Amino acid sequence: MEKSLIFKFSNNELTTLFIEELEENLDVDTFSISVKGNTVKITIVSRDRNKVFHAIEVIKETYGKVRGIFSRDREGLYSYPLEILFRNFLNHPFPIDILIEILEKRGYIAYLDQGHLRTNINFYEINELLLRIFKINQSLIEKNIDPSTREKLILQAFLEESEK
Numbered sequence: 038m039e040k041s042l043i044f045k046f047s048n049n050e051l052t053t054l055f056i057e058e059l060e061e062n063l064d065v066d067t068f069s070i071s072v073k074g075n076t077v078k079i080t081i082v083s084r085d086r087n088k089v090f091h092a093i094e095v096i097k098e099t100y101g102k103v104r105g106i107f108s109r110d111r112e113g114l115y116s117y118p119l120e121i122l123f124r125n126f127l128n129h130p131f132p133i134d135i136l137i138e139i140l141e142k143r144g145y146i147a148y149l150d151q152g153h154l155r156t157n158i159n160f161y162e163i164n165e166l167l168l169r170i171f172k173i174n175q176s177l178i179e180k181n182i183d184p185s186t187r188e189k190l191i192l193q194a195f196l197e198e199s200e201k
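Residue numbers for the sequence shown follow the working numbering, so the first one is 38 and each next one is one higher.
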């Protein structure tokens, strides 16, 4: 059985993120992705009809997640799935509480809601902040500093930075 789906995106970042998420989450015998500008065509091929329909569900769910990252809700908040935010930082993870506390200290709204970080900071800024936290955390791991001390030092570094 073969099915094709076409999705359009408003920018290259969304297109790239969508493709990365699909490649990580899609589990079917054969699928192909073709991109033309910001239009993505996905073709799923499998002998098992149920696998094709499951793949379509995964694709649509992934599309919804990715689209939601760049749009605010009625409260003016973005909703970032934790699996997408932390995907690049899995080899040296750090508690989400650190990120939330840093955001709150900087005057942003930030809280967890059903596996999503809800906040009013945009995707580019949150990724930049995550990368900086990750780098500090990684350097502290290399110095064999225990997790609770690492958390305190990361928070302290960002609080001192905010005061400047």
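The beta carbon of each residue, even a glycine, is placed where N, CA and C say it ideally should be.
All figures in this text were calculated on a predicted structure; none of them were measured in a lab.
Under the three-state reduction of DSSP, which class applies to residue i: helix, strand or coil?
{"i": "Asp184", "result": "Going by the sequence as given, residue 184 is Pro instead of Asp. Of the three classes helix, strand and coil, the one that applies to Pro184 here is helix, per DSSP."}
{"i": "Tyr161", "result": "helix"}
{"i": "Asp110", "result": "coil"}
What separation, rounded to the nearest whole angstrom, lies between the Cα atoms of residue i and residue j?
{"i": "Ile182", "j": "Phe131", "result": "13 Å"}
{"i": "Ser47", "j": "Thr186", "result": "42 Å"}
{"i": "Gly152", "j": "Asn62", "result": "17 Å"}
{"i": "Leu136", "j": "Ala147", "result": "9 Å"}
{"i": "Pro184", "j": "Asp110", "result": "35 Å"}
{"i": "Ala194", "j": "Leu168", "result": "14 Å"}
{"i": "Arg143", "j": "Leu166", "result": "11 Å"}
What residues in its chain sit with their C-beta under 6 Å from that of residue i, if we drop five residues either side in the sequence?
{"i": "Phe68", "result": "Ile81"}
Under 8 Å Cβ to Cβ from residue i, same chain only, skipping five residues before and after it: list those, please.
{"i": "Ile56", "result": "Ile70, Val72, Val77"}
Nearest CA to the CA of residue i: which residue from the options?
{"i": "Leu119", "options": "Arg155, Tyr145, Glu141, Ser108", "result": "Arg155"}
{"i": "His91", "options": "Ile106, Asn49, Met38, Ile133", "result": "Met38"}
{"i": "Phe107", "options": "Ser176, Tyr145, Thr52", "result": "Thr52"}
{"i": "Phe44", "options": "Ile79, Glu60, Gly144", "result": "Ile79"}
{"i": "Val89", "options": "Lys180, Leu122, Leu166, Ser41", "result": "Ser41"}
{"i": "Glu197", "options": "Ile139, Ile93, Glu179", "result": "Ile139"}
Measuring CB atoms only, is the stretch 85-101 touching the stretch 144-160, in the sense that at least three cross pairs come out at less than 8 Å? Here the stretch 85-101 makes no contact with the stretch 144-160; the two share fewer than three CB pairs at distances below 8 Å.
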